[in-house]
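Notes follow once the structure below has been shown.
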Amino acid sequence: MISETPDVIAATGQASMVDRLYDSVMNIYRNHTFRVTIQAIITVWAVITFTFFLIRLMPGNPIDVLVEQIMVAEGIPYQDAYDRVAASFDFDPDASAIDQYFDWFSDVLRLDLGTSITSPGTRVVDEIARFLPWTLFAVGTGLLVSFVLGIVLGMMMAYYRNSPLDHILSLFASFMTGIPNYIWGLLIVIVLGIQFNLFNVGALRGTYDVSTTPGFNLPFIKSAFEHAFLPIVTYVVSTLGGWMLNMKSSTMSVLNDDYVNVAEARGLKDSRIITAYVGRNAALPLFTQLTISIGFVLGSGVVIEEIFVYWGLGHYLFASITTRDYTSMQGVFVILVITVVFANLIADLTYGFLDPRVRVSGQK
Amino acid sequence: MNKRTLLTIAMVVAVALLAFAPLQAQDGAVLNVAWPYTVPPTGHFNTFAANGMVLGQYQDLHEPPLAVLLWASGEYEGMAADSFGWDADGNYVVTLVDGVTWSDGSAMTADDLMATFNLFRLRGDAVWASLTGIEKVDDMTVKFVMDAPSSLAERLILITNLRPASVYGDLADRAAMLEPGDEWDALLAELTEFRPEVPVSGGPYKIDPASITEANLMMDLNPGGFASDIQNFDQVRVWNGETEVVTPLVANEELWYITHGIPPTTEEAFSSQGIDIVRSGMNNGPGLYVNFAVYPLNLVEVRQAIAYAIDREQNGFVSLGESGVAVEYMDGMSDGLSEAWLSDETLDSLNTYSYDPDKATELLTSVGFSKNDDGVWVDDQGNTLSFELTFPQEFADWSAAAENVTAQLNDFGFDITARGVPFQQHPQEVYDGNFQMAIRNWGLGDPIPARSYLEAYNRYNGQGEVAGEAGSVGIGFDNNVSYSGGEINVFDVSNESAQGVDHDVQAALVTELAVSYNELLPAIPLWERYTNNALNRNFLSLPDVSDPTFANFGGGADNWMTYFILTGQVAPAS
Chain L
1000 MISETPDVIA ATGQASMVDR LYDSVMNIYR NHTFRVTIQA IITVWAVITF
1050 TFFLIRLMPG NPIDVLVEQI MVAEGIPYQD AYDRVAASFD FDPDASAIDQ
1100 YFDWFSDVLR LDLGTSITSP GTRVVDEIAR FLPWTLFAVG TGLLVSFVLG
1150 IVLGMMMAYY RNSPLDHILS LFASFMTGIP NYIWGLLIVI VLGIQFNLFN
1200 VGALRGTYDV STTPGFNLPF IKSAFEHAFL PIVTYVVSTL GGWMLNMKSS
1250 TMSVLNDDYV NVAEARGLKD SRIITAYVGR NAALPLFTQL TISIGFVLGS
1300 GVVIEEIFVY WGLGHYLFAS ITTRDYTSMQ GVFVILVITV VFANLIADLT
1350 YGFLDPRVRV SGQK
Chain C
32 MNKRTLLTIA MVVAVALLAF APLQAQDGAV LNVAWPYTVP PTGHFNTFAA
82 NGMVLGQYQD LHEPPLAVLL WASGEYEGMA ADSFGWDADG NYVVTLVDGV
132 TWSDGSAMTA DDLMATFNLF RLRGDAVWAS LTGIEKVDDM TVKFVMDAPS
182 SLAERLILIT NLRPASVYGD LADRAAMLEP GDEWDALLAE LTEFRPEVPV
232 SGGPYKIDPA SITEANLMMD LNPGGFASDI QNFDQVRVWN GETEVVTPLV
282 ANEELWYITH GIPPTTEEAF SSQGIDIVRS GMNNGPGLYV NFAVYPLNLV
332 EVRQAIAYAI DREQNGFVSL GESGVAVEYM DGMSDGLSEA WLSDETLDSL
382 NTYSYDPDKA TELLTSVGFS KNDDGVWVDD QGNTLSFELT FPQEFADWSA
432 AAENVTAQLN DFGFDITARG VPFQQHPQEV YDGNFQMAIR NWGLGDPIPA
482 RSYLEAYNRY NGQGEVAGEA GSVGIGFDNN VSYSGGEINV FDVSNESAQG
532 VDHDVQAALV TELAVSYNEL LPAIPLWERY TNNALNRNFL SLPDVSDPTF
582 ANFGGGADNW MTYFILTGQV APAS
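Protein chains in written order, with my numbering: chain L, 1000 to 1363; chain C, 32 to 605.
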């Protein structure tokens, strides 16, 4: 019998503690949710760091841009305009980008996105809070309506494939998909608004009627919907075709599956087959697309918001880029990056809940 | 899909359509104009700071100017200033109109003038380059103290829009006590971050903060404000947006007057609707700049040949239609300023560089250039005349001018490649001398000729150093020039021509500048930009376009529309 010395026992105990710690760490790391969350955080950091430096590599700077604007608008000499702008901005175009980055990033970690360069003293968070809800409302509603309509029409196309209805809807969907949203926006304003005078172009501008009181009251909600109507219509018509064609394709592949044939053989009602068997399974891949699309919602409205003078985050980003307002731009990109990355993360994490096959497969 | 599903979809669509009831604008006695602005919180009511809700020339309606220059006569007409002029000591004295009140109830007095100019000093405005101090003489009068009288200083004083001491007085009083240093910088930061809760107006209209949306804002009549008793409108609606945004509103007749530059096709559409297009010279336009460090562009014969080889009328018309008016006198300032400042004899002596390819050929041949087998000009060192021409790509009219110049010069035998550059970057490349040929502005929208000349001799010729671009050379033109009138430093003469108040002395200096520019062509003016303001007289009654006031520049200070409003000459059409 070999007895162990206290040193050996202690060493063995330490080793087992290290092993346990290692196992614990590895278990945490092997946890899918933890791992993808960490990856998402690293991705966010990498992208916002990259965009920080990319933004500063853009030609021009906030001072130059405003100097040109003032000169053109007021007809004053360069020196006068420059003096005025330089005195107004707390911005040094010659400052080190590295120093600016560390200053900015330490603020971001404290959830402070800084202040606007071109409107000194105005917090970027306040500006984003001013514009973000309207983009979420208009683009989000448009996306939702377009998704639901696309699912329904896509299923109809698949069910009545090769029928005149399918041919007409397919042509319609291809046509809609081929025209960019800003063309739809211009057509709506010029043709419907000016040529046919179906609505008052000016009165529908803005996000709501200032005679109403913002809050949960009918006049304000009605006003908000009225003002958002044209942007929403534009978002719907410009994205509907894509959902329709995707849903048609997805549905057709599902229609060939055995369980659908079995369901029909069992004599189940069409409505039940459509909703519980075909629709649910065909829509699953599109749901992933929808989740990812939500991430892109925030940045997709730049031109539409300009055309309809419906100012949301897209307009704010556009104005920030035009004036080279670095902190404002950076603030928007932080929001966009976080939204896109975490929308993907949510899609990744929730797919198992929507599709039992994935969940079961994961358990095995 | 069964009938119930289809019916549900149809009902959803119908409800959505019913919810959308077309809104109607309520137009009583409301004047509809436009200017781009930024909504709060980015936009604010501090008109000393960037993004303040100034509203361009419509600032005159809430912060009245001291005076307006009538360009046709060269005389100032007092607005908030009741009297103004030089005293025996060469200082400038301004007395305000009595009986005007700001919208917060305070009286408009000399304190407002003191506050305005003390904050100009803190901000580093150019007027303080001429001033040594300001003194309150009495409740309504302020003396602007300066070492020597200057017509430039007079202009900078009189075009000032007055701000209320009740809002800015505290900051201004503290500024008056300071000299540049840490406290000064801290106060400047405080000024730029200052956010008045409400706009205070001393003009005929006041901004209604509750009305501000990204679509438009309302300015209500401001009883007690300057000229408020002679207004014919109860409100002014300022529509927000740039050209592409306001164009549908003009077409829809919701907007009656815009100063935005519009393309020729839009002009035609507006004209067919019965909307007037009002054109006023803007004293500037695109010009062709060359880098004097690039041989042989530094040769005057080459620049003159280029001037002869370009059909400027064609260039102006393809770029901006009837608002692109070819420059005639080619002397560095607008034709209107030339006729105002130069004698007939001098005007007759100027070379107009009328389109003449043969003359251009003769000039190039005279310096030993010839064409090669490909029909491209080759200089005396054996190099083809191959250059890159850059231009700000977002400016549609300048882009068109650049493309047309390139085509015309290539037809003549040059080998030029045009390249668009983002508008934020393009001036920097010129400041840095990082170009061969470039389209930038000649002249400036200001009636003082010196300011036009300083664009070529200062801004684009090394001023980049001031703008933090140390070592910049710009176009590299030697300001010590020799011409038929002798040897002068054009930068110095430009500055001198804006000093003093003796018009004859100034005119003599301006003549030197004009003649030397015409001979040496430091830049080649292409065309003068005229405004193409859309004015719908179906809704607006104001003087006929033959009124000399329309000679005033259509944007910035001295705007004719705000002059007509301040003098009660704009009314609803009957």
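Where is the CB? At the ideal position from N, CA and C, for every residue including glycine.
Could you confirm whether any beta carbon from chain L is found closer than 7 Å to the beta carbon of THR580 (chain C)? As a first step, residue 580 (chain C) is located in the second sequence; it is residue number 549 there, counting from the start. For THR580 (chain C), the answer is no, since every Cβ of chain L falls outside 7 Å of its Cβ.
Round the Cβ separation of ALA433 (chain C) and LEU420 (chain C) to the nearest angstrom and send it over; I've been treating them as touching at under 8 Å. Here residue 433 (chain C) corresponds to residue number 402 of the second sequence, with the count starting at 1. Here residue 420 (chain C) corresponds to residue number 389 of the second sequence, with the count starting at 1. Yes, they are in contact, since the Cβ atoms of ALA433 (chain C) and LEU420 (chain C) sit about 6 Å apart, within 8 Å.
ASP1018 (chain L) (DSSP reduced to helix, strand or coil): Taking the first sequence and counting its residues from 1, one reaches residue 1018 (chain L) at position 19. Reduced to three states, the DSSP call for ASP1018 (chain L) is helix.
Against chain L: residues of the stretch 268 to 291 of chain C by CB proximity under 8 Å: TRP270, ASN271, GLY272, GLU275, VAL276, PRO279, LEU280, ALA282, ASN283, GLU285, LEU286
Under the rule that 16 or more other beta-carbon atoms within 10 Å means buried, what is ARG268 (chain C), buried or exposed? For the purposes of this step, residue 268 (chain C) is identified with residue 237 of the second sequence, where counting begins at 1. Buried.
Report yes or no: do the stretch 331 to 343 of chain C and the stretch 61 to 76 of chain C share at least 3 C-beta pairs separated by less than 8 Å? no
Length of the line joining the Cα atoms of SER1248 (chain L) and ASP1347 (chain L): As a first step, residue 1248 (chain L) must be located in the first sequence, where it is residue number 249. As a first step, residue 1347 (chain L) must be located in the first sequence, where it is residue number 348. About 23 Å.
Does the ligand FAD have even one heavy atom less than 6 Å from the beta-carbon of SER572 (chain C)? The model on display carries no ligand, and the ligand FAD is accordingly not part of it.
Report the neighbours of ASP1098 (chain L) on chain C: residues whose CB is nearer than 8 Å to its CB, in chain order. On the first sequence, position 99 is the one that residue 1098 (chain L) refers to. Those do not exist, as ASP1098 (chain L) stays about 17 Å from chain C at its closest Cβ, beyond 8 Å.
Host alpha helix (DSSP H) of ILE1127 (chain L) (start-end): Taking the first sequence and counting its residues from 1, one reaches residue 1127 (chain L) at position 128. Where ILE1127 (chain L) is concerned, the enclosing alpha helix (DSSP H) stretches over 1123 to 1158.
What are the residues of the stretch 1103 to 1128 of chain L that lie near chain C, defined by any Cβ-Cβ distance shorter than 7 Å? SER1115, THR1117, SER1118, PRO1119, GLY1120, THR1121, ASP1125, GLU1126
Does any C-beta atom of chain D lie closer than 7 Å to the C-beta of ASN590 (chain C)? As a matter of chain content, chain D is missing from the structure shown, whose protein chains are L and C.
Enumerate, from N- to C-terminal direction, the unbroken alpha helix (DSSP H) stretches of 4 or more residues contained entirely within the stretch 105 to 143 of chain C. Here no run is fully enclosed.
Could you run through the stretch 136 to 166 of chain C and flag, in chain order, every residue whose CB is less than 7 Å away from some CB of chain L? Listed by position along the chain: ARG154, GLY155, ASP156, ALA157.
What does GLY1192 (chain L) touch in chain C if you count any residue whose Cβ is under 8 Å from its own? Along the first sequence, read from residue 1 onward, the residue named residue 1192 (chain L) stands at position 193. Chain C residues near GLY1192 (chain L): PRO279, ASN283.
Same chain, Cβ closer than 6 Å to ALA565 (chain C), five either side skipped, listed in chain order: Within the second sequence, the letter at position 534 stands for residue 565 (chain C). In the same chain as ALA565 (chain C), and ignoring 5 residues on each side of it, the C-beta atoms closer than 6 Å to its own belong to VAL281, ILE289, PHE301, ILE306, in chain order.
Segments assigned beta strand (DSSP E), at least 3 residues, entirely inside the stretch 451 to 536 of chain C: With a minimum length of 3 residues, the continuous beta strand (DSSP E) runs that stay inside the stretch 451 to 536 of chain C are 468 to 474, 511 to 514, 517 to 520.
Using DSSP bridges, identify the partner residues of LEU218 (chain C). Position 187 of the second sequence, counted from the first residue, corresponds to residue 218 (chain C). Partner residues in a beta bridge of LEU218 (chain C), as assigned by DSSP, do not exist.
Cα separation between SER350 (chain C) and GLN455 (chain C)? Reading the second sequence from its first residue, position 319 is the one you call residue 350 (chain C). Reading the second sequence from its first residue, position 424 is the one you call residue 455 (chain C). Their backbone Cα atoms lie some 21 Å apart in a straight line.
Does the separation of the CB atoms of PRO279 (chain C) and VAL1188 (chain L) fall below 7 Å? Along the second sequence, one-based indexing puts residue 279 (chain C) at 248. Along the first sequence, one-based indexing puts residue 1188 (chain L) at 189. Contact flag set, yes.
According to DSSP, is LEU101 (chain C) part of a helix, a strand, or is it coil? Numbered from its first residue, the second sequence carries residue 101 (chain C) at position 70. Three-state DSSP puts LEU101 (chain C) in a strand.
Can you round the beta-carbon distance between TYR561 (chain C) and GLY312 (chain C) to whole angstroms, since I take them to be within the 8 Å contact cut? As a first step, residue 561 (chain C) must be located in the second sequence, where it is residue number 530. As a first step, residue 312 (chain C) must be located in the second sequence, where it is residue number 281. Yes, TYR561 (chain C) and GLY312 (chain C) are in contact; Cβ-Cβ is about 6 Å, under 8 Å.
So, at 8 Å on beta carbons, what are the nonlocal neighbours of ALA602 (chain C) in its own chain, with the 5 sequence-adjacent residues on each side left out? Residue 602 (chain C) sits at position 571 when you count from the first residue of the second sequence. ASN263, PHE264, LEU571, SER572, LEU573, listed in sequence order.
With contact counted as at least three CB pairs below 8 Å, one residue from each stretch, are the stretch 1150 to 1159 of chain L and the stretch 1272 to 1285 of chain L in contact? yes
Are the beta-carbon atoms belonging to LEU189 (chain C) and LEU97 (chain C) less than 7 Å from one another? Along the second sequence, read from residue 1 onward, the residue named residue 189 (chain C) stands at position 158. Along the second sequence, read from residue 1 onward, the residue named residue 97 (chain C) stands at position 66. For LEU189 (chain C) and LEU97 (chain C), yes; Cβs fall inside 7 Å.
Measure from the alpha carbon of ASP362 (chain C) to the alpha carbon of each residue in C:ALA119, C:GLY355, C:ASP170, C:TRP372, then state which is nearest. Translated into the one-based positions of the second sequence, residue 362 (chain C) becomes position 331. Ranking C:ALA119, C:GLY355, C:ASP170, C:TRP372 by Cα distance to ASP362 (chain C) puts C:TRP372 first.
For a quick check, are the C-beta atoms of MET1070 (chain L) and ALA1080 (chain L) less than 7 Å apart? To locate residue 1070 (chain L), count along the first sequence from 1; it is residue 71. To locate residue 1080 (chain L), count along the first sequence from 1; it is residue 81. Yes. Within cutoff.
Compute the distance between the beta-carbons of ASN567 (chain C) and TRP287 (chain C), then report whether it is under 7 Å. Taking the second sequence and counting its residues from 1, the one referred to as residue 567 (chain C) is at position 536. Taking the second sequence and counting its residues from 1, the one referred to as residue 287 (chain C) is at position 256. Against a cut-off of 7 Å, the Cβ pair of TRP287 (chain C) and ASN567 (chain C) comes out as a contact.
Can you tell which of C:GLY116, C:PHE445, C:SER134 has the C-alpha that lies nearest to the C-alpha of GLY255 (chain C)? Within the second sequence, residue 255 (chain C) is the residue found at index 224, counting from 1. For GLY255 (chain C), the nearest C-alpha among the options comes from C:SER134.
Measuring straight from C-alpha to C-alpha, what distance separates ALA340 (chain C) and PRO388 (chain C)? Working through the second sequence from its first residue, we reach residue 340 (chain C) at position 309. Working through the second sequence from its first residue, we reach residue 388 (chain C) at position 357. In a straight line, the C-alpha of ALA340 (chain C) is about 5 Å away from that of PRO388 (chain C).
How is the alpha helix (DSSP H) around THR1117 (chain L) delimited, first residue to last? Position 118 of the first sequence, counted from the first residue, corresponds to residue 1117 (chain L). It is not in any alpha helix (DSSP H) - THR1117 (chain L) carries neither H nor E in the DSSP assignment.
Quick one: is ALA81 (chain C) near chain L, going by C-beta distance under 7 Å? Position 50 of the second sequence holds residue 81 (chain C). Yes, its Cβ sits closer than 7 Å to a Cβ of chain L.
If you pair each beta-carbon of the stretch 1138 to 1148 of chain L with each one of the stretch 1118 to 1126 of chain L, do three or more pairs fall below 8 Å? The answer is no - the stretch 1118 to 1126 of chain L does not touch the stretch 1138 to 1148 of chain L, with fewer than three Cβ pairs under 8 Å.
Any contact between the stretch 1264 to 1274 of chain L and the stretch 1201 to 1210 of chain L? By contact I mean 3 or more CB pairs, one from each, below 8 Å. Contact fails: fewer than three Cβ-Cβ distances are below 8 Å.
So, are the CB atoms of ILE261 (chain C) and GLY599 (chain C) less than 7 Å apart? If you number the second sequence from 1, residue 261 (chain C) lands on position 230. If you number the second sequence from 1, residue 599 (chain C) lands on position 568. Closer than 7 Å, so yes.
Sheet register partners of ASP362 (chain C) (DSSP bridge): In the second sequence, the residue the question calls residue 362 (chain C) occupies position 331. DSSP, once it has assigned bridges, lists no residue as partnering ASP362 (chain C).
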